[in-house]
Amino acid sequence: MKRENPIGRNLIGRLHNQLMEVRAFFLGMRIFYGAFLSSIIFVVAIAATYGDLIDISIEPPFDTLLLILPIGLGIANLLLARFIFKLKTSSIPPNGKLEDKLNAYRQAFIVRSALIEGMALFTAVCYAITDEQLLLFFAGLLWGAIVFYRPSKTEVKKVFELSPTETFTLDNDQALIFKDAKPD
4 MKRENPIGRN
14 LIGRLHNQLM
24 EVRAFFLGMR
34 IFYGAFLSSI
44 IFVVAIAATY
54 GDLIDISIEP
64 PFDTLLLILP
74 IGLGIANLLL
84 ARFIFKLKTS
94 SIPPNGKLED
104 KLNAYRQAFI
114 VRSALIEGMA
124 LFTAVCYAIT
134 DEQLLLFFAG
144 LLWGAIVFYR
154 PSKTEVKKVF
164 ELSPTETFTL
174 DNDQALIFKD
184 AKPD
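Heads up, the sequence shown is in our numbering, so the first residue is 4 and it goes up one at a time.
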């Protein structure tokens, strides 16, 4: 007989067939959020600490490329992440189900954060190779973008046009979401 951990099952849940409390949904989102933030801090700290040990001779055209490329791609990535987030969240009609809106928000949040995180990690690696302080600063700005885009109920309310019932459900931490699902 298979034993399941009810806390872990309630925390993460299966996306479409699990009853979950609003509090557990946002706790799962904050776990993703913390993972994105901590991975950037970890890689930037390694790049700043051990970047001097990397001894790569870079030819003159490539050193400029390693300075311009992360910044240009980083700005493009921020715009792309914003566009994808808006595209994904706008695909749900205002009269759609709350669970569809929360699933779209979760998916859009993960994609947006992953794009920004990936660019911050690339920028940190370029900093370790070139030792350009501007790249370290830009990796910090990308980290700040993820801090700015933290998951919250307020953002869900701003992104979607929630009905009064949906707003009440979202404000109640013990409210069950994904109600059309059948519990295991």
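The C-beta atom is built at its ideal place from N, Cα and C for all residues, glycine as well.
DSSP state of Glu158 mapped onto helix, strand, coil: helix
Contact set for Ile1: own chain, Cβ-Cβ below 8 Å, skip 5 residues either direction: The requested residue 1 is not part of the displayed model; the chain covers only 4 to 187.
Proximity of Phe39 and Glu158 at Cβ, strictly below 7 Å: no
The region 108-119 touching the region 131-141, judged by at least three CB pairs closer than 8 Å: no
Buried versus exposed, by CB contacts within 10 Å (16 or more), Leu82: Exposed: under 16 other Cβ atoms inside 10 Å.
Ile59 at chain D interface by Cβ criterion, 7 Å: Included in the structure is just one protein chain, with no chain D present.
Terminal residues of the alpha helix (DSSP H) in which Ser1 lies: Here the chain comprises residues numbered 4 to 187, so residue 1 is not present and cannot be evaluated.
Cβ contact (3+ pairs, closer than 8 Å) linking the region 64-80 and the region 95-105: Taking a cut-off of 8 Å for Cβ pairs, the region 64-80 and the region 95-105 do not touch, as fewer than three such pairs fall below it.
Opening and closing residue of the alpha helix (DSSP H) in which Phe86 lies: Pro63 to Ser93
Close Cβ partners of Phe28 (< 7 Å) along its chain, the five nearest in sequence each way excluded: Leu105 and Ile180
Per-residue DSSP class, three states only, for Leu139: The answer is helix: DSSP assigns Leu139 an H, G or I state.
Short Cβ contact (7 Å threshold) for Ile57 with Ala127: no
Buried versus exposed, by CB contacts within 10 Å (16 or more), Ile49: exposed
Counted within 10 angstroms of its Cβ, other Cβ atoms place Gly77 as buried (16 or more) or exposed: Buried.
Coarse secondary structure for His19, derived from DSSP in three states: Confidence at His19 is low in this model, with a pLDDT of 44, below 50, so its placement is unreliable and the value that follows should be read with caution. Three-state result, His19: coil.
Secondary structure of Ile59, DSSP reduced to three states: coil
Nearest candidate by alpha-carbon position, reference Ile43, set Leu144, Leu165, Ala178 and Ser166: Looking from the CA of Ile43, the closest CA among Leu144, Leu165, Ala178 and Ser166 belongs to Leu144.
Met32 to Arg109 span [Cα, whole Å]: 7 Å
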